[in-house]
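Engineer: Mapping to the numbering used here: the sequence shown position 53 is 40, numbers consecutive.
The beta carbon of each residue, even a glycine, is placed where N, CA and C say it ideally should be.
Structure provided below as structure tokens; questions to follow.
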Amino acid sequence: MKNVDFTINLQEIDSTQILAKQIVRSGRITDLGKTLIISKLQFAGRGQGENRWSSNYGGLYFSYIFDIDEKDLKKTKELSIKFARVIKRILTEYGIECVIKYPNDVYAKINDDYKKISGILIETLPRDNKRYVIVGVGVNFTNKIDEEFKDIAVSVYDITGKRYSKKKFLKKFFDYSYDIIERLRF
-12 MKNVDFTINL QEIDSTQILA KQIVRSGRIT DLGKTLIISK LQFAGRGQGE NRWSSNYGGL
48 YFSYIFDIDE KDLKKTKELS IKFARVIKRI LTEYGIECVI KYPNDVYAKI NDDYKKISGI
108 LIETLPRDNK RYVIVGVGVN FTNKIDEEFK DIAVSVYDIT GKRYSKKKFL KKFFDYSYDI
168 IERLRF
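In structure tokens form, the structure reads like this:
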């Protein structure tokens, strides 16, 4: 995959974002380079602030770590919306009508209503003379939506009745995000 040096695949974890922060803080990131952490299940997934994100089996949950120079920190402010546009573009290719709810959510149309299908979480951490960006993404694919979120969340399968490849989605995500990441890094 473009822009990925190392991948960590997990069955389940509290949160890919928590592990990503632990890796950066430990200093191991310099050994790993641009790192992708993927999990099939998160039991403590979260969104913006401390909002909980339902992360059952069947969804796509990942965090991506890359470094930038400290002087480029201000460029990260627009990342949520840029990555939301990438996700919207891919979902539109699946025939799903989407809108972006600023600053970090993608909503999909189902039965004259819009429900959350994806969320993006951007965090930055300092380490040595660099700043590490952690991009956390959750996409509802075929996962069962928790009862408490049924009125506000939806999956790709709920809308299309099809099971799309998460691996292909991820490849497209990094293909379409390549320029965003490279412009930020250089």
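Which whole-angstrom value is the C-beta distance of F(-7) and G20, which I expect to be below 8 Å?
Structural biologist: 6 Å between Cβ atoms; contact.
Engineer: Is Y101 helix, strand or coil when you go by DSSP?
Structural biologist: In this structure, Y101 counts as strand in the three-state DSSP scheme.
Engineer: Could I get the ranges of all uninterrupted beta strand (DSSP E) runs contained in the stretch 44 to 78, with 3 residues as the minimum, in chain order?
Structural biologist: Counting only runs of 3 or more, we get 47 to 56.
Engineer: Tell me which same chain residues have a C-beta within less than 7 Å of the C-beta of I168, skipping the five on either side of it?
Structural biologist: Excluding sequence neighbours, I168 sits near N(-10) and F53.
Engineer: First and last residue of the beta strand (DSSP E) that includes S26?
Structural biologist: Note, S26: beta strand (DSSP E), T22 to Q29.
Engineer: If we count the other Cβ atoms within 10 Å of its Cβ and call it buried at 16 or more, is L60 buried or exposed?
Structural biologist: With fewer than 16 Cβ atoms within 10 Å of its Cβ, L60 is classed as exposed.
Engineer: Going by the DSSP bridge assignment, what does P90 pair with across the sheet?
Structural biologist: According to DSSP, which records beta bridges pairwise, P90 is partnered with nothing at all.
Engineer: Provide the residue span of the beta strand (DSSP E) that contains K8, from first to last.
Structural biologist: Where K8 is concerned, there is no enclosing beta strand (DSSP E), although the alpha helix (DSSP H) it sits in stretches over T3 to S13.
Engineer: Buried or exposed for V141, please, with buried defined as at least 16 other CB atoms from any protein chain shown within 10 angstroms of its CB.
Structural biologist: Result: buried.
Engineer: Buried or exposed for Y79, going by 16 or more other Cβ atoms inside 10 Å?
Structural biologist: According to the sequence as given, residue 79 is Thr; it is not Tyr. Flag for T79 reads exposed.
Engineer: Would you kindly work out how many angstroms separate the C-alpha atoms of L6 and I83, rounded to a whole number?
Structural biologist: Their backbone Cα atoms lie some 31 Å apart in a straight line.
Engineer: Report the start-end ranges of each alpha helix (DSSP H) in the stretch 89 to 173 that is 4 residues or longer and not cut off at the edges.
Structural biologist: Those alpha helix (DSSP H) runs which fall completely within the stretch 89 to 173 and span 4+ residues are 143 to 147 and 153 to 172.
Engineer: Mind checking who T(-6) pairs with in its DSSP beta bridge?
Structural biologist: Answer is L23, bridged to T(-6).
Engineer: Determine the burial state of Y165: buried for a count of at least 16 other Cβ atoms within 10 Å of its Cβ, exposed for fewer.
Structural biologist: Under this definition Y165 is an exposed residue.
Engineer: Is DSSP giving I16 helix, strand or coil here?
Structural biologist: Here I16 sits in helix by DSSP.
Engineer: Classify T17: buried if its beta carbon has 16 or more other beta carbons within 10 angstroms, exposed otherwise.
Structural biologist: Answer is exposed; the Cβ neighbour count stays below 16.
Engineer: When you compare each of R12, E(-1) and S13 to K27 by their alpha carbons, which one comes out closest?
Structural biologist: That would be E(-1), whose Cα lies nearest to the Cα of K27.
Engineer: Return the CA-CA distance between R170 and I132, expressed in angstroms with no decimal places.
Structural biologist: For R170 and I132, the distance between alpha carbons rounds to 36 Å.
Engineer: Which residue wins for smallest C-alpha separation from Y44, given the options G148, R72, N127 and I(-5)?
Structural biologist: Checked all of G148, R72, N127 and I(-5); the closest Cα to Y44 is N127.
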